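Enquirer:
Residue numbers (the working numbering), protein chains in the order written: chain P, 4 to 346; chain F, 4 to 346.
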């Protein structure tokens, strides 16, 4: 899944240039590029499909050149993950009626590809019996920005799901982590293509009907897909399944959803003064900063510490690392003042 | 004088784009434009000459459109202020053998144009008897970044100069200011055109000979001017004059040499949180910052205070206000790492 937009890494990420296309990794690599490369351990690029928006096809081609052009599935309009996954499943089913599908977001970071591939293999194997499987991340701290999954008994290489829980408050998150019975919801899903379409039909019949039309006549996508209900696969399907229809495989592979500039921390090595630099930077007496410069630009910092400093082509952001989430305040202020070109 | 380059306001100012051409004043006005406008109280644009470098003629024309093109005097090469002033004086003398000249830098800021014009009129009047006159600024604090002038007895509307002193240390500067006998050297000079050429002949005969050649044949400038000694008018002439040949008129008109980003403070009004903004900016929970965005760019700051944040077309600078002078450390680092395009 490489559609949608995003401003959590504003001003580098924009509505029309989300973070999976940015050179956020050492050597100018992108999250999408790294995801495709990582997935090649379980499926070659010929069997990797990328669902994206029409206006992002060029970005996909540029950042994932190993994936054949025919494997880029275009969403005529963003309709959230249930529709996106349904669209992809229709395409997969046409190629292989027995296919198992691993659905992964294109904008996540994984530090250790080997255990990542192992977890995904295990999740795919568990989905062969018709269950919908997800990979749950072993929490590294009481994060309040993620949904959590309470795990139950193990069966057939995967754990039962007791329940999905929404983003908790801090105290609840601490309790979850201490209990060792909760995993983070990673947004990765594993199922048989035919099975997910059955479940969509059952839980989201409106979407099911539209997907049937597209199976019969793909050329109707432009007209019909925009009518699909805009609902997430979590709300629309996952959380409605019976206990024996869903399972979770734990994962522990240095995962990050790169949800704010502070998360960039783990993606590149700091220098001796603790500054993490992406792009061209110069520092003097500066320590523990996170510096990002887009191509052809330089960021210079003197005597500052614990700041995030981001220079994109037309905008600059400066804020303390521990307020990295507050980029949303700037985005709101720009919206309010109608400076849309910066969004 | 609008030649030379400068990096004290890096990254907005560059070697090839010094600060007099930047939109540093409210409404996007430039220091050069404001200087020409201010001078119109004592001489119209038709009698204002601008000495500049060949590659800055377009910048001069753009920022000082009221000055006739024929009044732009081109330095074939930067040779410091003695040669620059000599070149200008030769041009003035050709137009008017009796002319008095006011020489002013183009990159200074003046808050109160009326007393400025009065001081300049007084200095020009004092120069009519053949003295070289300067305007000395009444110190507003023990600045260590300026040369000082010790004043003596008054005569004919101006004070004698006891001596010129180099940039003092802090304790000395405090003593100077407390004594009320010292003024800041403003770099403004007033003299009869014929007289400054006489004095250049006497003190800098090599330069005098070159200027004679240019008087006889202006077309020789490209060949001869680059041979001129590169020396300042202060070292080369002013400090060598006899006591009765030089005088100083005190000035008190909200003067600034705009020598660092911290000086921008006085040039625009702060908002309610104490942030001074030049260009397009957005702030959230930020106070007492100095923010500069070049055209078509936005600078966004959250939760920071007492910083200078500058976004030019290809470079960003962040540093604490009280370290504004340390931009030179960045310039040095860029020179050392051969990133010349940013200088």
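Ideal Cβ positions, reconstructed from N, Cα and C, are used throughout, including at glycine. Keep in mind that this is a model prediction, so the values were computed, not measured.
(1) By how many angstroms is the C-alpha of residue 185(P) removed from the C-alpha of residue 212(P)?
(2) Quick check: is the beta carbon of residue 195(F) nearer than 8 Å to any beta carbon in chain P?
(3) Given a cut-off of 8 Å on the beta-carbon distance, is the pair residue 216(F) and residue 227(F) in contact?
(4) Can you tell me whether residue 58(F) is helix, strand or coil according to DSSP?
(5) Have a look at residue 3(F) and residue 112(F) and give me their C-alpha separation to the nearest angstrom.
(6) With distances taken from CA atoms, which of 166(P), 281(P), 72(P) is nearest residue 31(P)?
(7) Examine chain P for any beta-carbon lying closer than 8 Å to the beta-carbon of residue 26(F), and answer yes or no.
(8) If the cut-off is 8 Å on Cβ atoms, which residues from the segment 312-343 of chain P count as contacting chain F, listed in chain order?
(9) Would you list the one or two residues that DSSP bridges to residue 301(F)?
(10) Residue 24(P) by DSSP, collapsed to three states: which one?
(11) Identify, in the order they occur along the chain, each residue of the same chain with its Cβ nearer than 6 Å to the Cβ of residue 196(P), setting aside the five sequence neighbours on each side.
(12) Any beta carbon from chain P within less than 8 Å of residue 303(F)'s own beta carbon?
(13) Touch check for the segment 235-247 of chain P and the segment 117-133 of chain P: three-plus C-beta pairs under 8 Å?
(14) Identify every residue that forms a DSSP beta bridge with residue 168(P).
(15) Can you tell me the Cα-Cα spacing of residue 68(F) and residue 279(F), whole angstroms?
(16) So residue 300(P) contacts chain F; which residues on that side make the cut at Cβ distance below 8 Å?
(17) Hey, could you find the ends of the beta strand (DSSP E) residue 205(F) is sitting in?
(18) Would residue 26(F) and residue 9(F) be called neighbours here (beta carbons separated by less than 8 Å)?
(19) Using a Cβ-Cβ cut-off of 8 Å, state whether residue 279(F) counts as contacting chain P.
(20) Please identify, using Cβ separations under 7 Å, the residues of the segment 53-69 of chain P that lie next to chain F, in order along the chain.
(21) Looking at residue 45(P) and residue 76(P), is the spacing between their C-beta atoms short of 8 Å?
(22) Would you say residue 148(F) faces chain P, with C-beta separation under 8 Å as the test?
(23) Name the chain F residues whose beta carbon is nearer than 7 Å to that of residue 345(P)?
(24) Mind checking who residue 290(F) pairs with in its DSSP beta bridge?
(25) Mind pulling the chain F residues with CB within less than 7 Å of residue 2(P)?
(26) For residue 252(F), report the span of its beta strand (DSSP E) as first-last.
(27) Pull up the distance between the alpha-carbon of residue 123(P) and that of residue 138(P), whole angstroms please.
(28) Bridge partners of residue 78(F), per DSSP?
(29) Where does residue 107(P) fall in DSSP's three states?
(30) Since residue 32(F) sits in a beta bridge, which residues does DSSP pair it with?
(31) Might you give, ordered along the chain, the residues of its own chain that have their beta carbon closer than 6 Å to the beta carbon of residue 114(F), omitting 5 neighbours on each side?
(32) Looking only at DSSP bridge pairs, what is residue 188(P) linked to?
(33) On a Cα-Cα basis, can you pick out the residue from 90(F), 298(F), 344(F) that is closest to residue 219(F)?
(34) For residue 306(P), decide whether its Cβ has a neighbour in chain F, counting only Cβ atoms nearer than 8 Å.
(35) Which one or two residues does DSSP pair with residue 158(F) in a beta bridge?
(36) Tell me whether residue 145(P) sits in a helix, a strand or coil according to DSSP, three-state version.
Expert: According to the structure shown:
(1) C-alpha separation (whole angstroms): 35 Å.
(2) no
(3) yes
(4) In the structure shown, the three-state DSSP call for residue 58(F) is helix.
(5) The displayed coordinates of chain F run from 4 to 346. Any statement about residue 3(F) would go beyond what the structure contains.
(6) 281(P)
(7) no
(8) 312, 314, 317, 318, 319, 320, 321, 322, 323, 326, 329, 330, 332, 333, 336, 337, 340, 342
(9) In the DSSP assignment, residue 301(F) forms a beta bridge with 318(P), 283(F).
(10) Under the three-state reduction of DSSP output, residue 24(P) falls in the helix class.
(11) 92, 95, 96, 102, 104
(12) yes
(13) no
(14) 151(P)
(15) 28 Å
(16) 317, 318, 319
(17) It is not in any beta strand (DSSP E) - residue 205(F) instead sits in the alpha helix (DSSP H) that spans 196-206.
(18) no
(19) For residue 279(F), no Cβ of chain P is located within less than 8 Å of the residue's own Cβ.
(20) none
(21) no
(22) no
(23) 301
(24) In DSSP, residue 290(F) forms a bridge with 308(F).
(25) Outside the shown range of chain P, which is 4 to 346, sits residue 2(P), and nothing can be said about it.
(26) 249-254
(27) 7 Å
(28) 56(F)
(29) It is coil, neither helix nor strand.
(30) The partner list for residue 32(F) (beta bridge, DSSP) reads 28(F).
(31) 257
(32) 139(P)
(33) 90(F)
(34) yes
(35) Residue pairing from DSSP places residue 158(F) in a beta bridge opposite 161(F).
(36) Reduced to three states, the DSSP call for residue 145(P) is coil.
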